[in-house]
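*Asks:* Questions regarding the structure given below will be posed in turn.
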Amino acid sequence: MVMRDFFKQAVQNIARFGDTDIFPFPVERHVFHELENDVLDLLGIMHAEFFGLKDANGDQIKEPSLSQFPPVNVNALAQVGHAGFRSATQLDPMWNAYLLGITLSIGDEIERKRLPSAERSVFSYRIKGVPDDRTLFDTSISWRDFMLESIERAGKASYVVTCDIGDFYPRVYHHRIENAVMQIAQGTDLPKRLDKLLSAFTSGGTSFGLPVGGNAARILAELALNSTDHLLRMHQIQFCRYVDDYHLFASSREEAFRHLIFLSEKLLANDGLSLQKSKTRVTSAIEFAKVEQFVLGLEDPVDSLKEGAGERDIETVRFMRLHIRYDPYSDDPDGDFERTREAVEKFDVLSMLTAEVAKVHIHGTLVKQLLKAAKALSDDVLYKIVPVLLDNISSLGPVFPQLSILLKDVAPRLPPVMRSQIVTHLIAAIRGGDPALQLDLHRVYALRLIALEWTVESEALLVELFIEPKSSPLLRRDIILVMAVWGNHHWLSDTLKNFSNFGDWERRACIIASFRLKDEGKHWRTNRAKSFSAFERLVNKWAGQKANVAGWEVPL
-10 MVMRDFFKQA VQNIARFGDT DIFPFPVERH VFHELENDVL DLLGIMHAEF
40 FGLKDANGDQ IKEPSLSQFP PVNVNALAQV GHAGFRSATQ LDPMWNAYLL
90 GITLSIGDEI ERKRLPSAER SVFSYRIKGV PDDRTLFDTS ISWRDFMLES
140 IERAGKASYV VTCDIGDFYP RVYHHRIENA VMQIAQGTDL PKRLDKLLSA
190 FTSGGTSFGL PVGGNAARIL AELALNSTDH LLRMHQIQFC RYVDDYHLFA
240 SSREEAFRHL IFLSEKLLAN DGLSLQKSKT RVTSAIEFAK VEQFVLGLED
290 PVDSLKEGAG ERDIETVRFM RLHIRYDPYS DDPDGDFERT REAVEKFDVL
340 SMLTAEVAKV HIHGTLVKQL LKAAKALSDD VLYKIVPVLL DNISSLGPVF
390 PQLSILLKDV APRLPPVMRS QIVTHLIAAI RGGDPALQLD LHRVYALRLI
440 ALEWTVESEA LLVELFIEPK SSPLLRRDII LVMAVWGNHH WLSDTLKNFS
490 NFGDWERRAC IIASFRLKDE GKHWRTNRAK SFSAFERLVN KWAGQKANVA
540 GWEVPL
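For the sequence shown, the numbering used here gives the first residue as -10, with consecutive numbering after it.
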């Protein structure tokens, strides 16, 4: 395969599944989907000119791609639990695709260097031999397989160590990845490309950290841990791993601690990584197996729960064991949805959700499952659930992205008055300083719901947020797009005058929004076309094509 083929895999994957599982899908993914060949041409140029171009005399005639098209990434805090936060990065769209493309070009070699999947030790993100247009990874190998194998191995052991790496993705050393890639791609400049690109992605050009959420980072993270996997096997330590979660198996308590010390030493000495103290456990194999069998649903809740457990406890456990997944690209999406609906309607989701939000701290995993289930419920039940969610936004901060996605998905099914209530509640929450809406990431999700209905109040809020000094580029980008959806010509006309002062994310939104200004927008684009970057020209081309389609709306 040539490099264009790998870039094509990357572009198609991003267009279908998005670039991360943390941020809302960016509008640029539509450009990837509908102008695929143009995007591939630009990626080819970025690749050819990555180190710049020189003439026959050795004089620089083209700057390196990272100088021509510097990646403009956006960092934001994502909430973890009730009071925890982690840094997340929305990567520049083109450089994100480039990173995934060059990573996929060595994907097969990375997979061959890993412990074979047949050994049943490493289960996370096993790259397919022949990727298709649905996923890059082998979906037949999952976290559940990791747990089932762990339970089976526990049956042959006396003790099990459970542990995971603290702050794994942000702490991965670039030089470890570069060294590992050098073993795979000897005689090529790929290791240097990856190192330069990863350094450009990290704050201050530091030499560690992978952007969380994207498939390139997932593949490279597996490569980073590959050496430790091999060392564990060489020292005949039985283990199972899924991303940064380890299960180590031992014949005695003393051996279990030796295994734990060995893993801790190797991670720290070789990778500068350490295990989370709060999540490290040494338990008997019998206790481990019993707990995990219970979690996986291999025992009946009535038999597994402690004596005195009530009906609600049993119902909750059974509900958590449901496999709720909506895949529009499956062989039978309608049938899958109906089967999910039938399974979900056996539970009183409304009562379970009402009981959960009444607690001081919600059970995040349970509430996420309830939100996924709500989508499959009948309209009459859904109409009762939405007010419960809106009245408890403050307590739902840990799951606000999932809450927003649900409300956006079901909005077409809701009566107009309920859609208005969603907008009203979110405006009040933002203005009132609700903890759940103080993060810019959550506000970006909220904007896509506020866009459901124009009101004087919603318009005023967006104007205030746009000029707020601390608002992120992603928030300002989406405000521009929402104003375009609403057809707010006066604000758009005034705002587009500041185009040259905006960053890349807002500039692309301005280009799209300009098509709502008809002739004024056409003159605006004509006057600024020479200042457009290569990718901005593609965005302009895409928006121009879509604007000529009757009934087209700016996607959010």
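Every residue gets a Cβ at the ideal spot worked out from N, C-alpha and C, and that includes glycine. Note that the structure is predicted; figures quoted are calculated from it, not measured.
For the pair the segment 228 to 247 and the segment 140 to 158, tell me if three or more CB-CB distances fall below 8 Å.
*Replies:* Yes, the segment 228 to 247 is in contact with the segment 140 to 158.
*Asks:* Could you tell me the distance, in whole angstroms, from the CA atom of Gly41 to the CA atom of Ala205?
*Replies:* Going from the Cα of Gly41 to the Cα of Ala205 covers about 24 Å.
*Asks:* Rounding to the nearest angstrom, what Cα-Cα distance links Val161 and Pro82 in this structure?
*Replies:* Using only the alpha carbons, I get a separation of about 22 Å.
*Asks:* Which residue from Asn490, Ile439 and Glu495 puts its Cα closest to that of Val474?
*Replies:* Comparing Cα positions, the closest option is Ile439.
*Asks:* Closer than 7 Å by C-beta to Gly202: which residues in its own chain qualify, once you throw out the five before and the five after it? Chain order, please.
*Replies:* Counting only Cβ-Cβ distances below 7 Å, and skipping sequence neighbours, we find Thr9, Asp10, Ile11 and Ala77.
*Asks:* Would you report the Cα separation of Phe308 and Arg103, rounded to the nearest angstrom?
*Replies:* Between Phe308 and Arg103, the C-alpha separation is close to 36 Å.
*Asks:* For Gln534, which residues of its own chain have a beta-carbon under 7 Å away from its beta-carbon, when the five flanking residues on both sides are left out?
*Replies:* The answer is none, since no qualifying residue turns up.
*Asks:* May I have the straight-line CA-CA distance separating Tyr114 from Met136, to the nearest angstrom?
*Replies:* So the alpha carbons of these two residues sit roughly 15 Å apart.
*Asks:* If I measure Cβ to Cβ from Glu244 and keep anything under 8 Å in the same chain, skipping five residues before and after, which residues do I get?
*Replies:* Counting only Cβ-Cβ distances below 8 Å, and skipping sequence neighbours, we find Tyr148.
*Asks:* With respect to the alpha helix (DSSP H) encompassing Asp81, which residues constitute its N-terminal and C-terminal limits?
*Replies:* No alpha helix (DSSP H) holds Asp81; DSSP gives it neither H nor E.
*Asks:* Over the uninterrupted beta strand (DSSP E) stretch that includes Tyr114, give me the two end residues.
*Replies:* Note, Tyr114: premise wrong, no beta strand (DSSP E); not H, not E.
*Asks:* So, Gly155 versus Gln265, is the Cβ gap smaller than 8 Å?
*Replies:* Closer than 8 Å, so yes.
*Asks:* Cβ of Val433 within 8 Å of Cβ of Ile501?
*Replies:* Their beta carbons are not under 8 Å apart, which means Val433 does not touch Ile501 by this criterion.
*Asks:* Whole angstroms is fine: what's the gap from Thr515's alpha carbon to Phe21's?
*Replies:* When rounded, the distance between both Cα atoms is 24 Å.
*Asks:* Taking buried to mean at least 16 other C-beta atoms within 10 Å of its own C-beta, is Val291 buried or exposed?
*Replies:* Note on Val291: pLDDT 49, under 50, position unreliable in the model; the coordinate value appears next. Per the 10 Å Cβ criterion, exposed.
*Asks:* Excluding five sequence neighbours on each side, which residues of the same chain lie with their C-beta closer than 7 Å to the C-beta of Arg207?
*Replies:* Around Arg207: Tyr114.
*Asks:* Work out the CA separation of Lys361 and Val232 for me, nearest whole Å.
*Replies:* C-alpha separation (whole angstroms): 24 Å.
*Asks:* From this set, Ser393, Asn381, Trp84 and Ile166, which residue's C-alpha is nearest Phe(-4)'s C-alpha?
*Replies:* That would be Trp84, whose Cα lies nearest to the Cα of Phe(-4).
*Asks:* Which of the three DSSP states is assigned to Phe197 in this structure?
*Replies:* Residue state, collapsed to three classes: strand.
*Asks:* Quick check on the burial criterion: 16 or more other C-beta atoms within 10 angstroms. Buried or exposed for Trp541?
*Replies:* Classification of Trp541: exposed, given that the 10 Å Cβ count is below 16.
*Asks:* Within the continuous beta strand (DSSP E) that includes Asp234, where are the two ends?
*Replies:* Here the beta strand (DSSP E) through Asp234 covers Asp234 to Ala239.
*Asks:* Looking only at its own chain, which residues have a Cβ that is under 7 Å from the Cβ of Ile173, when we skip the five neighbours before and after it?
*Replies:* So the list reads Ile95, Glu98, Ile99 and Lys102, once near-sequence residues are dropped.
*Asks:* How far does the alpha helix (DSSP H) with Tyr148 in it reach, from first residue to last?
*Replies:* Here Tyr148 belongs to no alpha helix (DSSP H); instead the beta strand (DSSP E) covers Tyr148 to Asp153.
*Asks:* I'd like to check one pair, His163 with Phe197: are the Cβ atoms closer than 8 Å?
*Replies:* Yes, they are a contact pair.
*Asks:* Output needed for Val528: all residues of its chain with C-beta closer than 8 Å, excluding positions within five of it in sequence on either side, in chain order.
*Replies:* Excluding sequence neighbours, Val528 sits near Glu17, Val20, Arg497, Ile500 and Ile501.
*Asks:* Would you mind reading off the limits of the alpha helix (DSSP H) that contains Lys102?
*Replies:* It spans Gly96 to Lys102 - the alpha helix (DSSP H) in which Lys102 sits, taken as one unbroken run.
*Asks:* Between Ile130, Arg109 and Glu108, which lies nearest to Ile116 when the distance is taken from Cα to Cα?
*Replies:* Taking only the C-alpha atoms, the option nearest Ile116 is Ile130.
*Asks:* Could you tell me the distance, in whole angstroms, from the CA atom of Asn487 to the CA atom of Gln79?
*Replies:* Roughly 23 Å separates the two Cα atoms.
*Asks:* Could you give the DSSP three-state label for Met(-10): helix, strand or coil?
*Replies:* It is coil, neither helix nor strand.
*Asks:* Taking buried to mean at least 16 other C-beta atoms within 10 Å of its own C-beta, is Asp493 buried or exposed?
*Replies:* Asp493 should be labelled buried.
*Asks:* Can you give me the C-alpha to C-alpha distance between Asn2 and Met(-8), rounded to a whole angstrom?
*Replies:* The straight-line gap from Cα to Cα measures roughly 16 Å.
*Asks:* When the Cβ atoms of the segment 458 to 465 are set against those of the segment 418 to 434, are three or more pairs found closer than 8 Å?
*Replies:* Segments in contact, yes.
*Asks:* So, are the CB atoms of Ser393 and Pro424 less than 8 Å apart?
*Replies:* Contact flag unset, no.
*Asks:* Please report how far the alpha carbon of Arg242 lies from the alpha carbon of Gly144, in whole angstroms.
*Replies:* Taking the straight line joining both Cα atoms gives about 15 Å.
*Asks:* For His479 and Leu506, which I take to be in contact (beta-carbon distance under 8 Å), what is that distance rounded to the nearest angstrom?
*Replies:* In fact, because the Cβ distance is near 10 Å, the residues do not count as touching under 8 Å.
*Asks:* Under a three-way DSSP split, which group does Thr128 fall into?
*Replies:* Thr128 falls in the coil class under three-state DSSP.
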